[in-house]
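Student: So that we are looking at the same thing, I have put the structure below in structure tokens.
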Amino acid sequence: MRKNVLVALVVALTVSSSLAFAASTPLFNAPVKFGEGVPGRGHGRMAVDGQNFYATFGTETAAMANTNGRIQDAVRIVKSANRGALWGRSTALQTSDFSAFPVAFTAVDQFSARVAISNDPLYPGQKIVHTIWKSTESSGVDNIYYSFFATRPDQNGWSAPVKINGTTNVMNGAELVVTASGSIHVVYGSLTGAQPAETLYYTGAQAPGGIFSEPTVLPLPAYQMRVGEPALAVDSSDNVYAAYVADSKSVYLNKKPALSYNWSAPQLVADLGSMSQDLSLAVADSNSYYIAVIGGVPTESLSLMVTTDGGTTWRARTLIADHSYGGITSGPSVVVSPTKVITVASETGTVVDWNYTFTGIKVWRSDDNGATWSAPASVKGQSNPRLILDSSNKANLSVADEQNNDGSNLLWIRER
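FYI, the working numbering numbers position 400 of the sequence shown as 462, with every residue one higher than the one before it.
Pasting the structure below:
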């Protein structure tokens, strides 16, 4: 009898312990609208500097002089000076909330704008706002442009845009990361070879206003013909990481050491057989990386690929099993705090007889490298969740309130 009681007590303590150590479900404030008239997938990235939050998104406008009154895609950057509670007027990139933006192109890709924040390497205590976007010239050629916003004796506003893709053609959107000291790193998709295959190019500059390097091809896995848009991250030592999907089935990771333009050979993270092209990458330090993906055969799962040894070994942590991406309009998003608290957000849905049913935007949290997860938090919205951590390591989420509607609102949802 005593033995049975002891066994029961041990089991109860074990269950209680596992529950006690699972991370708490994050709680979120009511959403705040920061953009309107936006395609469901039309918002790009966010950046945080203390109380100042920045967000990019695409929209349509007839206000540009070079359009002759025609509706045309545009990109916008908006700013909140109080952690997302209130947002500045959603003005076009040409007349952003910061100052006049000197650009007039034939067409701007409304999905292409990215934004990042760094210290100003020339003026201690000042910040730099970096942005890139893709534009189609009158010749029909797509190019990528870079500009930075600074408050300096010789500059108070945006710098003149610089084309950074050299002579390469641009196939899909570019991703941007900057280091704390202000070096800039961009990876974008293109075509190469006599029988064109998709590939990734890298270009970078050591400081805002510096000369960008000639674009070079990232080392990619052999025989691949299709490469998804990359996800980029940078660690505190200024090493840069690029994750991507090859041929719609395999996840790879490349690394670039600080102060170098050379990338490592690709590391195979996972071969899932079939997967969404969208993924998200977060880096805690030079050994701990996290990649959120949706994929698998015969059924797909929402998973977090985790390494704690610099990519030598990877472990799949499943958040949702049998999670079909057949109707999902956007990939997951992952962020990690300096103490390795992980937050993942994803659109969720089910497919029955080829019919997709949206079931919500969910947010999970883990404080043990994904071994256990909190119960999911449900937040308002329907498409394209993007996560970022603020200076207090609280999660902030941008999301579209509709999936496939050019009149969507963009919502900013801040963790309590």
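From the three backbone atoms N, C-alpha and C, an ideal C-beta is built for every residue, glycine too. Please read these numbers as outputs of a predicted model, since none were measured by experiment.
Can you tell which of Val279, Gly272 and Ser243 has the C-alpha that lies nearest to the C-alpha of Tyr250?
Tutor: Val279
Student: Given a cut-off of 8 Å, decide if Leu89 and Ala489 are closer than it, judged by their beta-carbon atoms.
Tutor: The structure shown does not extend to residue 489, since the chain spans only 63 to 478, so no value can be given for it.
Student: By Cβ distance, which residues of its chain are closer than 6 Å to Ser78, with the 5 residues on each side in sequence left out?
Tutor: Because Ser78 carries a pLDDT of 34, less than 50, the predicted location of this residue cannot be relied on, and no value is offered for it.
Student: For Ser453 and Tyr264, I'd like the C-alpha separation in whole angstroms.
Tutor: Distance between the alpha carbons of Ser453 and Tyr264: 29 Å.
Student: Ser428: buried (16+ other C-beta within 10 angstroms of its C-beta) or exposed?
Tutor: Its Cβ being crowded by 16 or more others within 10 Å, Ser428 is buried.
Student: In this structure, how does DSSP classify Ser460 when only helix, strand and coil are distinguished?
Tutor: Ser460: strand per DSSP, three-state reduction.
Student: Roughly how many angstroms separate the alpha carbons of Trp435 and Ser310, rounded to a whole number?
Tutor: 27 Å
Student: Where do the N-terminal and C-terminal ends of the beta strand (DSSP E) with Ala304 fall, by residue?
Tutor: Val302 to Ala308
Student: Can you tell which of Ala92, Val359 and Lys317 has the C-alpha that lies nearest to the C-alpha of Ser336?
Tutor: Val359
Student: Would you report the Cα separation of Leu459 and Leu449, rounded to the nearest angstrom?
Tutor: 5 Å
Student: Excluding the five sequence neighbours on either side, which residues of its own chain have a C-beta within less than 8 Å of the C-beta of Gly271, listed in chain order?
Tutor: Phe210 and Ser221
Student: Output needed for Phe160: all residues of its chain with C-beta closer than 6 Å, excluding positions within five of it in sequence on either side, in chain order.
Tutor: Note that Phe160 has pLDDT 38, beneath the 50 cutoff, so the model's placement of it is unreliable and no number is given.
Student: Which runs of the beta strand (DSSP E) fall wholly inside the region 283-348 and span at least 3 residues, in chain order?
Tutor: 293-296, 302-308, 312-318, 329-333 and 342-345
Student: Among Ile382, Tyr351 and Pro400, whose alpha-carbon lies nearest the alpha-carbon of Trp376?
Tutor: Tyr351
Student: Could you compute how far the alpha carbon of Trp325 sits from the alpha carbon of Pro281?
Tutor: 7 Å
Student: Can you tell me the Cα-Cα spacing of Val368 and Ser408, whole angstroms?
Tutor: 17 Å
Student: So which of Gly432, Val398 and Pro394 has the shortest CA-CA distance to Gln444?
Tutor: For Gln444, the closest alpha carbon among the candidates Gly432, Val398 and Pro394 is that of Pro394.
Student: Could you give the residue range of the beta strand (DSSP E) that holds Tyr208?
Tutor: Asp204 to Arg214
Student: Within 10 angstroms of the Cβ of Val203, are there 16 or more other Cβ atoms? Answer buried if so, exposed if not.
Tutor: exposed
Student: Between Gln188 and the rest of its own chain, which residues show a CB-CB distance below 8 Å, the 5 nearest in sequence each way excluded?
Tutor: Asn181, Asp182, Ala212, Thr213 and Arg214
Student: Taking C-alpha atoms, which residue in Ala284, Ser322 and Ser252 lies nearest to Gln268?
Tutor: Ser322
Student: Which whole-angstrom value describes the C-beta separation of Ala178 and Val240, a residue pair presumed to lie in contact below a C-beta threshold of 8 Å?
Tutor: 4 Å
Student: Distance check for Lys196 and Thr230, CA to CA, integer angstroms please.
Tutor: Note on geometry: alpha-carbon atoms of Thr230 and Lys196 lie some 13 Å from one another.
Student: Mapping DSSP to helix, strand and coil, what is Val240?
Tutor: Three-state DSSP puts Val240 in a strand.
Student: Taking 7 Å as the limit between beta carbons, can you name the residues of its chain near Ala109, skipping five residues before and five after?
Tutor: Cβ neighbours of Ala109 beyond the five flanking positions: Tyr116, Val177, Ala178 and Ile179.
Student: If you draw a straight line from the alpha carbon of Ala320 to that of Ala346, how long is it in whole angstroms?
Tutor: Note on geometry: alpha-carbon atoms of Ala320 and Ala346 lie some 16 Å from one another.
Student: Are Ile139 and Thr87 close, meaning C-beta to C-beta below 8 Å?
Tutor: Note that the C-beta distance between Ile139 and Thr87 is not below 8 Å.
Student: Exposed or buried, which one is Arg476 when buried takes at least 16 other CB atoms within 10 Å?
Tutor: buried
Student: Measuring CB to CB, does Val406 end up less than 8 Å from Trp426?
Tutor: yes
Student: Val397 lies in the beta strand (DSSP E); which residues open and close that run?
Tutor: First-last of the beta strand (DSSP E) with Val397: Ser395 to Val398.
Student: Grouping DSSP H, G and I as helix and E and B as strand, with all else coil, what is Arg107?
Tutor: strand
Student: Using only alpha-carbon positions, find the residue among Ser299, Tyr314 and Asn455 that is nearest to Thr374.
Tutor: Tyr314
Student: For Asn218, is the classification buried or exposed, using 16 other Cβ atoms within 10 angstroms of its Cβ as the cut-off for buried?
Tutor: exposed
Student: Where does Pro164 land, buried or exposed, given buried means 16+ other C-beta within 10 angstroms?
Tutor: For Pro164, the pLDDT reaches just 38, beneath the cut-off of 50, and the residue's location in the model is therefore unreliable, although a value from the coordinates is still provided. Counting Cβ neighbours within 10 Å, Pro164 comes out exposed, since fewer than 16 surround it.
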